[in-house]
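I have placed the structure first, in the form of structure tokens, so that the comments after it can refer back to it.
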Amino acid sequence: MTDSAPRRVRVRAPELIGKGGWLNTGGKQYSLADLRGRILVLDFWTFCCVNCLHVLDELRALEQKHRDTLVVIGVHSPKFVHEAEHEAVADAVERYGVEHPVLDDPELATWKQYAVRAWPTLVVVDPEGYVVAQHAGEGHVHAIERLVTELEAEHAAKGTLRRGGGPYVAPQPEPTDLRFPGRAVVLPSGNLLVSDTTRHQLVELAADGETVVRRIGQGSRGSTDSTWVRSRFNEPQGLALLPDGSVVVADTVSHRVRRFDPESGRTTTLAGTGFQWMRGDDTSGPAREVNLSSPWDVAWWEGKVWIAMAGVHQLWTYDPAEGTVRVAAGTANEGLVDGPAAEAWFAQPSGLAATPDRLWVADSETSALRWLDRDGVVHTAVGTGLFDFGHRDGPAGQALLQHPLGVTALADGSVAVSDTYNHALRRYDPATDEVTTLATDLREPSGAVLVGDDIVVVESARHRLTRLRLPAEAAGAGAHRTQCAPTEVAPGRLRLDVTFPAPAGQKLDTRYGPSTRLLVSATPPELLLTGAGAGAGADLSRTLELNPAVPEGVLHVSATAASCDDDSSVEYPACHVHRQDWDVPLILTESGADRLPLVQAGLGA
6 MTDSAPRRVR VRAPELIGKG GWLNTGGKQY SLADLRGRIL VLDFWTFCCV NCLHVLDELR
66 ALEQKHRDTL VVIGVHSPKF VHEAEHEAVA DAVERYGVEH PVLDDPELAT WKQYAVRAWP
126 TLVVVDPEGY VVAQHAGEGH VHAIERLVTE LEAEHAAKGT LRRGGGPYVA PQPEPTDLRF
186 PGRAVVLPSG NLLVSDTTRH QLVELAADGE TVVRRIGQGS RGSTDSTWVR SRFNEPQGLA
246 LLPDGSVVVA DTVSHRVRRF DPESGRTTTL AGTGFQWMRG DDTSGPAREV NLSSPWDVAW
306 WEGKVWIAMA GVHQLWTYDP AEGTVRVAAG TANEGLVDGP AAEAWFAQPS GLAATPDRLW
366 VADSETSALR WLDRDGVVHT AVGTGLFDFG HRDGPAGQAL LQHPLGVTAL ADGSVAVSDT
426 YNHALRRYDP ATDEVTTLAT DLREPSGAVL VGDDIVVVES ARHRLTRLRL PAEAAGAGAH
486 RTQCAPTEVA PGRLRLDVTF PAPAGQKLDT RYGPSTRLLV SATPPELLLT GAGAGAGADL
546 SRTLELNPAV PEGVLHVSAT AASCDDDSSV EYPACHVHRQ DWDVPLILTE SGADRLPLVQ
606 AGLGA
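Per the working numbering, the sequence shown starts with residue 6, numbered consecutively.
The following block contains the structure:
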């Protein structure tokens with residue numbers, strides 16, 4: 006290292022191992038030695054995770070700017086059983102427009118070697134094969150870009166930097182009319198409108214659900230309001246018919262809610278600025294002046310457009326009379342907590358359906374079916390938490406789903422759930438409090454719509470709409486728990502240490518007291534004898550007392566820090582609020598560790 010080069014801790018990078026092999030490389034398998042001389046950013050992700058999808062979008066500009074020195078490698082590390090299927094990973098890589106190599110690691114071998122504990126996590130490896138930084142969560146790309154620039158200069162001077170084309174090989178496009186569609190609605194004309202997510206379009210189909218009438222949008226990423234030929238979308242998902250016959254669109258990756266008028270063919274923006282909502286941003290106000298975060302679905306209920314804001318684990322509303330948006334339910338903490346709307350916790354709400362007295366919610370990351378009543382109270386019909394899922398029918402308290410993305414109200418008061426990762430259509434009947442299976446062998450169903458006596462299912466991974474007669478025979482059983490390897494800890498005292506430094510070029514803001522805050526809870530709550538709750542302090546460490554009578558559980562940790570730009574020449578430096586959440590499965594064993602380190606950025610101690 007030259008005298009002028011920054012001195013940083015370096016740890017030899019473990020090998021990249023994945024039983025599923027490599028995607029986006031033209032069939033070539035790679036090792037770290039093959040990539041020596043390039044700066045690597047390893048993106049540990051799983052395709053169910055909306056935070057991981059945010060990072061994919063953040064990385065695009067970085068990859069483009071440093072394309073001759075930097076190689077981003079996605080290391081797919083599954084949470085759900087379905088995500089361990091190689092075909093499902095390949096589908097997700099295409100669905101979300103991943104334009105870099107991806108290592109499919111269904112057994113979490115590389116995840117364990119790099120001691121990763123949260124989705125997403127980014128690891129930077131220098132051209133000589135050493136880990137020089139690790140960042141958990143979103144919002145780190147600016148810091149990583151600075152580091153990449155430093156590494157380019159440092160290793161160019163040393164002669165250890167190799168420039169040129171990377172290992173990414175684009176797959177051949179498939180000639181299908183739809184590509185990973187998200188939702189469908191019936192237009193007043195009787196035609197069907199489909200969000201063709203991966204091609205960034207809306208597609209109007211004839212009543213047969215197959216014949217293409219027209220495509221709305223240019224088919225490239227963007228957020229242009231214009232005619233049906235000139236408009237642009239960015240991975241549109243949810244659709245809802247408004248009373249005036251127009252359609253509201255959840256334009257997910259543009260972080261906007263749009264309106265499409267089938268009569269005029271024009272698209273306009275109802276809500277959102279195009280920027281992703283971040284902690285500290287406004288949570289209400291003029292609709293086009295407030296940031297949103299990955300709106301995934303929309304529904305019309307009680308005179309407002311309800312928005313499943315998957316990116317912040319909340320429900321929002323858009324009021325067309327006032328032209329405003331606001332948070333309507335959820336604290337922005339990720340989990341499953343019922344109660345008054347302002348106190349409830351959701352986990353990537355992704356599907357909505359309205360009935361006169363309830364707003365149904367497919368809460369995907371908790372594999373749950375939830376509902377909001379007209380008094381503003383959140384209830385859970387099916388589901389128990391972030392790490393329990395499967396395919397089990399029967400009484401709702403014992404039934405299991407696996408990452409459902411859609412819910413559809415049926416004529417008899419029951420609902421059909423698009424049970425996405427179980428490839429099934431399920432039914433919950435509030436009258437009997439029972440769950441049954443209506444149909445199986447539906448490849449990643451993401452939504453459904455009633456057409457007469459039939460239900461038309463959006464088979465996202467088969468790129469088509471499938472018409473079924475209601476009801477159908479039930480099938481399937483089984484249960485699973487997450488594949489995320491639990492951490493073995495000793496019962497009794499456990500030291501929790503969170504590494505949460507200020508990003509490069511910033512300093513912690515202590516003008517008004519402690520700059521950090523730590524929130525700790527557990528599932529089941531009895532796991533923690535002491536140490537639960539929130540607290541502010543000078544650091545992010547806490548001593549917990551684990552209950553030896555509870556053999557296993559999940560520790561929920563949320564760390565928040567405030568920082569300001571560290572530039573004395575600026576009179577009013579910009580200030581920022583950072584947050585990272587961890588859900589760590591624990592097993593209590595006498596031989597387990599008595600310290601739990603969680604790294605938000607850096608390499609930890």
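Cβ atoms here follow ideal geometry from the backbone N, Cα and C, with glycine treated the same way. In this text the structure is predicted, and so the values were computed from the model without any measurement.
Report buried or exposed for Q177, applying the criterion of at least 16 other Cβ atoms within 10 angstroms of its Cβ. Counted from its first residue, the sequence shown places residue 177 at position 172. Exposed, by the Cβ-count rule.
By Cβ distance, which residues of its chain are closer than 7 Å to A18, with the 5 residues on each side in sequence left out? For the purposes of this step, residue 18 is taken as residue 13 along the sequence shown, with counting starting at 1. If we look at A18 and ignore the five residues flanking it on each side, its Cβ neighbours are L37, V130, G134, Y135 and V136.
If you compare alpha carbons, which of L247, V454 and G402 is closest to T413? On the sequence shown, residue 413 is found 408 positions in, with the first residue counted as 1. With distances taken between Cα atoms, T413 lies closest to V454.
Check whether H260 and L320 have beta carbons under 8 Å apart: Numbered from 1 along the sequence shown, position 255 holds the residue referred to as residue 260. Numbered from 1 along the sequence shown, position 315 holds the residue referred to as residue 320. Result no, Cβ atoms of H260 and L320 do not sit closer than 8 Å.
Would the region 178-187 and the region 152-160 be scored as touching if the rule is three or more Cβ pairs under 8 Å? no
Around the C-beta of S82, are 16 or more other C-beta atoms found within 10 angstroms, so that it is buried, or is it exposed? For this step, residue 82 is matched to residue 77 along the sequence shown. Sixteen is the threshold: when 16 or more other Cβ atoms of the shown chains lie within 10 Å of the Cβ of S82, as they do, the residue is buried.
Compute the Euclidean distance between the alpha carbons of D571 and A148, then round it to the nearest angstrom. Position 566 of the sequence shown holds residue 571. Position 143 of the sequence shown holds residue 148. Going from the Cα of D571 to the Cα of A148 covers about 14 Å.
Along the chain, where does the beta strand (DSSP E) containing H140 start, and where does it finish? The count along the sequence shown starts at 1 and reaches residue 140 at position 135. H140 -> beta strand (DSSP E) spans Y135 to A141.
By a C-beta neighbour count over all protein chains shown, 10 Å radius and 16 as the cutoff for buried, is Y517 buried or exposed? Sequence index remark: in the sequence shown, residue 517 carries index 512 (1-based). Confidence at Y517 is low in this model, with a pLDDT of 48, below 50, so the placement of that residue is unreliable and no value is reported for it.
Could you tell me if T51 is buried or exposed, where buried requires 16 or more neighbouring beta carbons within 10 angstroms of its beta carbon? As a first step, residue 51 is located in the sequence shown; it is residue number 46 there, counting from the start. Flag for T51 reads buried.
Leaving out the 5 sequence neighbours to the left and right, which residues in its chain are closer than 8 Å to A349 when beta-carbon positions are compared? For the purposes of this step, residue 349 is identified with residue 344 of the sequence shown, where counting begins at 1. The residues are A334, G335, T336, V342, D343 and V383.
Relative to the ligand SAM, is the shortest distance from any of its heavy atoms to the C-beta of L166 smaller than 7 Å? The ligand content of the structure shown is nil, which means the ligand SAM is not present either.
May I have a chain-ordered list of the beta strand (DSSP E) segments no shorter than 3 residues that lie completely inside the region 239-319? 241-246, 252-256, 261-265, 272-276, 289-291, 300-306 and 309-314
In or out: V174 buried (at least 16 other Cβ within 10 Å) or exposed? On the sequence shown, position 169 is the one that residue 174 refers to. Classification of V174: exposed, given that the 10 Å Cβ count is below 16.
Helix, strand or coil, according to DSSP, for R100 in the structure here? The residue you call residue 100 lines up with position 95 of the sequence shown. Residue state, collapsed to three classes: helix.
Is the beta carbon of S355 less than 8 Å from the beta carbon of S372? For this step, residue 355 is matched to residue 350 along the sequence shown. For this step, residue 372 is matched to residue 367 along the sequence shown. The criterion of a C-beta distance shorter than 8 Å is not satisfied by S355 and S372.
Under three-state DSSP, which class holds I22? As a working note, residue 22 is residue 17 in the sequence shown. In this structure, I22 counts as coil in the three-state DSSP scheme.
If contact is defined by three or more beta carbon pairs under 8 Å, each pair taking one atom from either stretch, is the region 418-435 in contact with the region 162-170? no
Neighbourhood of Q34 by C-beta distance below 7 Å, restricted to the same chain and skipping five residues each side: Locating residue 34 in the sequence shown gives position 29, counting from the first residue. The answer, listed in chain order, is G26 and W27.
Going by DSSP in three states, D570 sits in which element: helix, strand or coil? Within the sequence shown, the letter at position 565 stands for residue 570. The three-state reading of DSSP puts D570 in strand, counting E and B together.
Under 8 Å, do A189 and L198 count as touching if we go by C-beta distance? On the sequence shown, position 184 is the one that residue 189 refers to. On the sequence shown, position 193 is the one that residue 198 refers to. Taking the C-beta atoms as reference points, L198 is found nearer than 8 Å to A189.
Taking the CB atoms as reference points, tell me whether L357 and V494 lie closer together than 8 Å. To locate residue 357, count along the sequence shown from 1; it is residue 352. To locate residue 494, count along the sequence shown from 1; it is residue 489. Against a cut-off of 8 Å, the Cβ pair of V494 and L357 comes out as no contact.
What's the gap between the Cα of R474 and the Cα of L410? Locating residue 474 in the sequence shown gives position 469, counting from the first residue. Locating residue 410 in the sequence shown gives position 405, counting from the first residue. If I take the Cα positions, the gap works out to 21 Å.
Assign K84 to buried or exposed, taking buried as 16 or more other Cβ atoms, counted over all protein chains shown, within 10 Å of its Cβ. Position 79 of the sequence shown, counted from the start, is the residue given in the question as residue 84. Flag for K84 reads buried.
In this structure, how does DSSP classify A477 when only helix, strand and coil are distinguished? Locating residue 477 in the sequence shown gives position 472, where the first residue counts as 1. In this prediction, A477 scores a pLDDT of 42, lower than 50, which makes its location untrustworthy; no coordinate-derived value is stated.
Proximity below 8 Å, CB of E143 to CB of E63: The residue given as residue 143 occupies position 138 in the sequence shown. The residue given as residue 63 occupies position 58 in the sequence shown. Contact: yes.
E595 (DSSP reduced to helix, strand or coil): Reading the sequence shown from its first residue, position 590 is the one you call residue 595. Coil, per DSSP.
On the DSSP bridge assignment, give the partners of G195 in chain order. Residue 195 sits at position 190 when you count from the first residue of the sequence shown. DSSP output for G195 lists no bridge partner at all.
What residue does the alpha helix (DSSP H) around W50 start on, and which one ends it? The sequence position of residue 50 within the sequence shown is 45, counting from 1. Taken as a continuous stretch (DSSP letters only), W50 belongs to no alpha helix (DSSP H), being part of the beta strand (DSSP E) at I44 to W50.
What did DSSP end up calling V60 once you bin it into helix, strand or coil? Against the sequence shown, residue 60 aligns to sequence position 55. It is helical.
With the cut-off set at 8 Å, would you say T232 and S289 are in Cβ contact? Here residue 232 refers to the residue found at position 227 when the sequence shown is read from its first residue. Here residue 289 refers to the residue found at position 284 when the sequence shown is read from its first residue. Against a cut-off of 8 Å, the Cβ pair of S289 and T232 comes out as no contact.
On the DSSP letters alone, give me the boundaries of the alpha helix (DSSP H) that E339 sits inside. Walking along the sequence shown from the start, residue 339 turns up at place 334. Looking at the DSSP string, E339 is not in any alpha helix (DSSP H), and its letter there is neither H nor E.
Taking 8 Å as the cut-off, does the region 112-131 touch the region 205-223 (at least 3 CB pairs, one atom from each stretch)? no
Does the beta-carbon of I221 have 16 or more other beta-carbons within 10 angstroms, so that it is buried, or is it exposed? What you label residue 221 is simply residue 216 of the sequence shown in a count that begins at 1. Buried: at least 16 other Cβ atoms inside 10 Å.
When you compare only the Cα positions, how much space is there between G102 and V254? Indexing the sequence shown from 1 puts residue 102 at position 97. Indexing the sequence shown from 1 puts residue 254 at position 249. The alpha-carbon atoms of G102 and V254 are separated by roughly 20 Å.
Count the other C-beta atoms from every protein chain shown that fall within 10 angstroms of the C-beta of Q69, then say buried if there are 16 or more, exposed otherwise. The sequence position of residue 69 within the sequence shown is 64, counting from 1. Q69 comes out exposed.
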